[in-house]
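With the working numbering applied, the sequence shown has no gaps in its numbers, which climb one by one up to 216 at the end. A short write-up of the structure that comes next.
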Amino acid sequence: MQPRWEHFHHEADVGVRGIGATKDDAFAQAALALTAVVTEPGGVLAREAVDVRCEAPDDELLLAEWLNAVIYEMSTRGMVFGRFDVAIDDGRLRARAFGEPLDAGRHRPAVEPKGATYTALRVVRDGDAWIAQTVVDV
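This is the structure in structure tokens:
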């Protein structure tokens, strides 16, 4: 199973979906889908690492907390991230986000995400894949 991300249609906002062989991979891919709302993740250099931690009582709420933590780090640090190493254990997520300061000329940001919502929020195992998705308010 090759981890991947994708967007899905949702009226004025953007659906983000991460797919991976593990829940950790699916959450990392969901964060890449979030980055792709702003800029092309492949064009983001891993110049700095930022540690992110969050927790929640279930996987769905943990996904929303995770994406909102990434949005917070992007906003307060003026950064974009192109790689995420995620580890989830018993409702606790520890991650390292790798990225660089936003360069408007090079990254050409499309929109600024405001927050992950509970719309279409879902974390499930589907066959040999984990799917982590929600809608992001832009």
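We put the beta carbon where it would ideally sit given N, CA and C, even for glycine. Small disclaimer: the values here were computed from a predicted structure and weren't measured.
From the listed residues A165, K101, L110, the smallest Cα separation to H85 is found for L110. For M152, the enclosing alpha helix (DSSP H) stretches over residues 137–155. Shown here, R200 sits in a strand according to DSSP, grouped into three states.
Residue burial is scored here from C-beta neighbours: K192 has fewer than 16 other C-beta atoms within 10 angstroms and is therefore classed as exposed. A residue is called buried when at least 16 other Cβ atoms come within 10 angstroms of its Cβ; T113 meets this threshold and is buried. C-alpha of M79 to C-alpha of S153: approximately 32 Å in a straight line.
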